[in-house]
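Enquirer: Here you go, one structure.
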Amino acid sequence: MSNDPVVPKYSWCCDKRSITVSVLALASAVGLVVVGENLLRRNVEVRDLVEERDQLKQELSELSEVNDSRLASVEQSEKELRKKVDDLEVGNQALSELVALKNRDLARIKEPVKTILESMQDVYAMKFEANNPVLRELENLSPRGQEIRDKWEQICKELEKDIDFKRESSLLRLRIAQSYMAAGEWEKVDVSKVDWSQAGLVDRKADILARLYYGMALSQLEGGKREQAAASLAKCLEYANQMPADSEGKEYAQAMANMLQAKMQITEQPALALKHYVAAIGHLRKVVVDMPDNVPLRCTFSQACMDGALMTSGGESAGWSEKLRKEAHGHAYLLTQKHPELKLAHEICAENDILVAEQKLRDGETSVVEPLLQRAEKSLQKVGGNPILESSILGVRAFMAWDKGEREQAEQMMEKAVSDMRSYQAKHPEEVEAKYRLASLYWERSSMRNSSPHAIADGRLAAEQLAALINHGAGRREASARRMLAIIFGDIGHMAAEAGKSKEAKQYFSSARDQWSYLSAKWGDCDEYREGKRWCTSRINGL
537 MSNDPVVPKY
547 SWCCDKRSIT
557 VSVLALASAV
567 GLVVVGENLL
577 RRNVEVRDLV
587 EERDQLKQEL
597 SELSEVNDSR
607 LASVEQSEKE
617 LRKKVDDLEV
627 GNQALSELVA
637 LKNRDLARIK
647 EPVKTILESM
657 QDVYAMKFEA
667 NNPVLRELEN
677 LSPRGQEIRD
687 KWEQICKELE
697 KDIDFKRESS
707 LLRLRIAQSY
717 MAAGEWEKVD
727 VSKVDWSQAG
737 LVDRKADILA
747 RLYYGMALSQ
757 LEGGKREQAA
767 ASLAKCLEYA
777 NQMPADSEGK
787 EYAQAMANML
797 QAKMQITEQP
807 ALALKHYVAA
817 IGHLRKVVVD
827 MPDNVPLRCT
837 FSQACMDGAL
847 MTSGGESAGW
857 SEKLRKEAHG
867 HAYLLTQKHP
877 ELKLAHEICA
887 ENDILVAEQK
897 LRDGETSVVE
907 PLLQRAEKSL
917 QKVGGNPILE
927 SSILGVRAFM
937 AWDKGEREQA
947 EQMMEKAVSD
957 MRSYQAKHPE
967 EVEAKYRLAS
977 LYWERSSMRN
987 SSPHAIADGR
997 LAAEQLAALI
1007 NHGAGRREAS
1017 ARRMLAIIFG
1027 DIGHMAAEAG
1037 KSKEAKQYFS
1047 SARDQWSYLS
1057 AKWGDCDEYR
1067 EGKRWCTSRI
1077 NGL
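Numbered by the numbering used here, the letters in the sequence shown go through residues 537 to 1079 in order.
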C-alpha cells in the first residue's frame, strides 16, 4: 500500500486556481519588471538622446556662431577686396593719366631739345668754317647765324612755359641779345626779358651789360653810326660805373670805354682823344699790375700803348710817343718770353723796332737801322710773317740803299714792296694800316724818282691813298696821315714849281698849308707845324 498522503480532490482544485492566479501575478510582476526595465532603459536612452540632442544643439549653435563670424569675415574681406579693386582702378586711371601727361611733357621737351642739338651743330659748323681758309671764303655765315637766332627764339618760347627752365631760358635770352649785337642787328637787342635773378647773374649784370653795350658801340662806330655809338657808349659807362669800386672788371670796362671815346673823337678832337687813350692806358696799367699773368689783358695793354704812341706823332703830345712806345715794347717783349706762341706780341715788337729804325734813319743814325730791321724780321718769322710790316722793312732798306748810291737795288726793293702791298691792300680794302703803308711806299718811291713826272705821279698816288684814308677815318694814323699828306703836297708843289707849273704848284702848297693848319688847331702848335705853314705861305707868295 502506498504511503503517499491522500489529497482531497477539491482542495487541489482550489490550489490550482490559486497557483494560476499566482502564476499570473508572477507573470504580471515579471512583465512589469521587464516593462520597468525597458522603460528605465528607454528613459536612459531618451536621456542620452536628449543630452546628445542638447550637445548637438550646442555644437550647432557654436558652429553657427563660427559660421556667422566667418561669414562676417568673408563679407568684410569682400568689402576690403572690392575697395582695393576700386583703389587699384583709380590708381591705374591716375597712372594712365600721369603716363599720358609725362608723354605730353616729353613730347613737348623733345622738340626744343632737337632744336638745341641742331643749333649746337650749326654753331660748331660755323666755328669750323670760320677757321677753314677755303670755307671761310665760300660760306656766307650771316644767314646761318640768323637761322641759329631763330632757333634760339623758338627754344625760349618753349622753355618759358615750364618753371623748371627759368634759368636756362633767361640765359638763352641773354645769348640772343649778345648774338644780335654781334650781328649788327642792334634794334633787336633786348635784355628786358632776362630774369637776372633766375639766371644767377645779379652780381655780374653790370659787367655783362657794360661789355654788351661796349661791343654794340664799337660795331656801330665801325658801321658809321656815330649817334647810335655815342648812345651805346653812354650805356656802357653807366653800367661800368655800377660795378664795384676798384674792381679789375670796372677798371677794364672803363679802359675800353675810354679807348672807344678816343676812336670817336680822333678826327674832330684828337687832343681829347689822346687824353682818353692815356686814361685808358692808366686803367689798364692798374689791371695789369693786379693780374700780371693775364695774357689777353697784357696783349690789350700793349696794343693800346702802341696805338697811343702812333697817335702822338706830333704837336704838343709828341712827348708821349716814345714813352708809350717803350711801354708797349716792354710788355710785348715780356709776353714773347713767357708765351712765344703769341702772334700779336711778336708783331708789336717788330712794329716798334721798325718805327725806331725809321726815326733813326731820319735822324741820320744809319748804323743802328739794319740791326733793328733784322730783329724785327726775326720777330715776324716766329709768327709766319706779316705782309704790312714786311713791306715796311723792305721800304726802309730800299731807302737806305738809295742813300748809299745803290740805285738799281733800291728801285728793285721798292718795286717789290709796292707790288706786295698793292696785292695785300686789294684783298683788304678797308684795312687802315694797309692804306697807310701803301701811301708811305708811294711817297718813298716818289722821292727816289729821277723823273719829275714819275715823281709827281707817285706823289699823287700817295696823296689819293691818304685822302681816302682820312675821309674814311684814319684812326691812330690820323695825325701821321695828315702830316705825311702835308709833306707830299709840299713836295709835289715844289716839283710843279720847278717844272714851271705855277698855278698847280700854288694849289698843292695851299693844300699842304691847310693840313699843317689843321694839325696845329687840333693837335696843338709845335715847331714842325709852324715851319710847315710858314714855308708853304712863303712858296705861294713867291710864285
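Yeah, the Cβ is synthetic: ideal placement off N, Cα and C, and Gly gets one too.
Here the structure is a predicted model, which means the values were calculated and not measured.
Take Leu769 as the anchor and find which of Lys1058, Leu757, Ser613 and Pro780 has the nearest alpha-carbon.
Expert: When only C-alpha atoms are compared, the closest one is Leu757.
Enquirer: I'd like the span of the alpha helix (DSSP H) that includes Ile929, first residue to last.
Expert: Counting along the chain, the alpha helix (DSSP H) containing Ile929 begins and ends at Pro923 to Asp939.
Enquirer: Report the CB separation of Met847 from Arg861 in whole angstroms; it is logged as a contact under 8 angstroms.
Expert: The Cβ separation is near 11 angstroms, so there is no contact.
Enquirer: Is the separation between the beta-carbon of Ala893 and that of Leu916 shorter than 8 angstroms?
Expert: Result no, Cβ atoms of Ala893 and Leu916 do not sit closer than 8 angstroms.
Enquirer: With DSSP as the reference, label Asp700 as helix, strand or coil.
Expert: It is helical.
Enquirer: Inspect the beta-carbon positions of Arg973 and Ser1016 and report whether they are closer than 8 angstroms.
Expert: Their beta carbons are not under 8 angstroms apart, which means Arg973 does not touch Ser1016 by this criterion.
Enquirer: How close, in whole Å, do the beta carbons of Val932 and Leu897 come, if the pair is a contact with beta carbons under 8 angstroms?
Expert: Val932 to Leu897, Cβ: 6 angstroms. Contact.
Enquirer: Does the beta-carbon of Gln873 have 16 or more other beta-carbons within 10 angstroms, so that it is buried, or is it exposed?
Expert: That one is exposed.
Enquirer: Which two residues bound the contiguous alpha helix (DSSP H) that contains Ala1035?
Expert: It is not in any alpha helix (DSSP H) - Ala1035 carries neither H nor E in the DSSP assignment.
Enquirer: Contact between the stretch 797-806 and the stretch 1007-1014 is defined here as three or more beta-carbon pairs at a separation below 8 angstroms; is this criterion met?
Expert: Yes, the stretch 797-806 touches the stretch 1007-1014.
Enquirer: Does Val825 have its Cβ less than 8 angstroms from a Cβ in chain C?
Expert: Although the question refers to chain C, the structure presented lacks it and comprises just one protein chain.
Enquirer: Kindly indicate which three-state DSSP category Leu1079 falls into: helix, strand or coil?
Expert: DSSP places Leu1079 in coil when its eight states are reduced to three.
Enquirer: Figure out for me which residue from Ala742, Asn777, Lys729 and Arg762 has the closest Cα to the Cα of Ala713.
Expert: The shortest C-alpha separation from Ala713 is found at Lys729.
Enquirer: Using the three-state DSSP reduction, which class does Gly818 fall into: helix, strand or coil?
Expert: Note: Gly818 maps to helix in three-state DSSP.
Enquirer: Counting beta carbon pairs with one atom in the stretch 963-970 and one in the stretch 990-998, are three or more of them shorter than 8 angstroms?
Expert: Contact between the stretch 990-998 and the stretch 963-970 is absent, because fewer than three Cβ pairs lie under 8 angstroms.
Enquirer: If distances are taken between C-alpha atoms only, which option among Lys971, Tyr869, Met984 and Asp590 comes closest to Lys940?
Expert: Ranking the options by Cα distance to Lys940, first place goes to Met984.
Enquirer: Pick from Cys835, Val905 and Trp856: whose alpha carbon is nearest that of Pro876?
Expert: Pro876 has its Cα closest to that of Cys835, out of Cys835, Val905 and Trp856.
Enquirer: Tell me whether the stretch 719-737 and the stretch 770-782 touch, counting them as touching only if at least three CB pairs, one residue from each stretch, are closer than 8 angstroms.
Expert: With a cut-off of 8 angstroms, the stretch 770-782 and the stretch 719-737 do not count as touching, because too few Cβ pairs lie within range.
Enquirer: Which of the three DSSP states, helix, strand or coil, is assigned to Val738?
Expert: Looking at Val738 - three-state DSSP - the assignment turns out to be coil, as it is neither helix nor strand.
Enquirer: Which word fits Ile1076, buried or exposed, when buried means at least 16 other C-beta atoms lie within 10 angstroms of its C-beta?
Expert: Buried is the call here.
Enquirer: I'd like to know if the stretch 1042-1053 and the stretch 1018-1026 are in contact, where contact means that at least 3 CB-CB pairs between them fall below 8 angstroms.
Expert: Touching, yes, given that three or more Cβ pairs across the two stretches are closer than 8 angstroms.
Enquirer: What is the rounded straight-line gap between the Cα of Tyr716 and the Cα of Ala793?
Expert: Taking the straight line joining both Cα atoms gives about 20 angstroms.
Enquirer: Please check the pair Ala868 and Ser903, which I expect to be a contact at CB under 8 angstroms, by giving their CB distance rounded to whole angstroms.
Expert: Not confirmed; about 25 angstroms, so no contact.
Enquirer: Taking the straight line between their C-alpha atoms, what separation do you get for Gln657 and Arg709?
Expert: For Gln657, the pLDDT reaches just 49, beneath the cut-off of 50, and the residue's location in the model is therefore unreliable, although a value from the coordinates is still provided. Approximately 19 angstroms between the Cα atoms of the pair.
Enquirer: Could you check what DSSP says for Val919 in three-state terms: helix, strand or coil?
Expert: Residue state, collapsed to three classes: coil.
Enquirer: CA-CA distance, Gly1078 and Ala1035?
Expert: Straight-line Cα distance between these residues: approximately 15 angstroms.
Enquirer: Taking C-alpha atoms, which residue in Tyr960, Val954, Arg958 and Ala1004 lies nearest to Glu980?
Expert: When only C-alpha atoms are compared, the closest one is Val954.
Enquirer: Give me the Cα-Cα distance between Ala766 and Ala753, rounded to the nearest whole angstrom.
Expert: When rounded, the distance between both Cα atoms is 7 angstroms.
Enquirer: So Ala781 is in the alpha helix (DSSP H); what residue range does that whole segment cover?
Expert: Per DSSP, Ala781 belongs to no alpha helix (DSSP H) and is neither H nor E.
Enquirer: Among Val814, Leu871 and Met1020, which one has its Cα closest to the Cα of Ser857?
Expert: Taking only the C-alpha atoms, the option nearest Ser857 is Val814.
Enquirer: Mind checking Leu631: buried by the 16 CB within 10 Å criterion, or exposed?
Expert: Classification of Leu631: exposed, given that the 10 Å Cβ count is below 16.
Enquirer: Between Met1020 and Ser1047, which are expected to be in contact by the criterion C-beta below 8 angstroms, what is the C-beta distance as a whole number of angstroms?
Expert: Not confirmed; about 13 angstroms, so no contact.
Enquirer: How is Leu878 classed by DSSP in three states: helix, strand or coil?
Expert: Reduced to three states, the DSSP call for Leu878 is coil.
Enquirer: Can you tell me the Cα-Cα spacing of Asp1061 and Ile684, whole angstroms?
Expert: About 54 angstroms.
Enquirer: Buried or exposed: where does Ile817 fall if 16 or more other Cβ atoms within 10 Å of its Cβ makes it buried?
Expert: Looking at its Cβ environment, which holds 16 or more other Cβ atoms inside 10 Å, Ile817 is buried.
Enquirer: With DSSP run on the structure shown, which of helix, strand or coil describes His1099?
Expert: Missing from the structure shown is residue 1099; the chain here goes from 537 to 1079 and no further.
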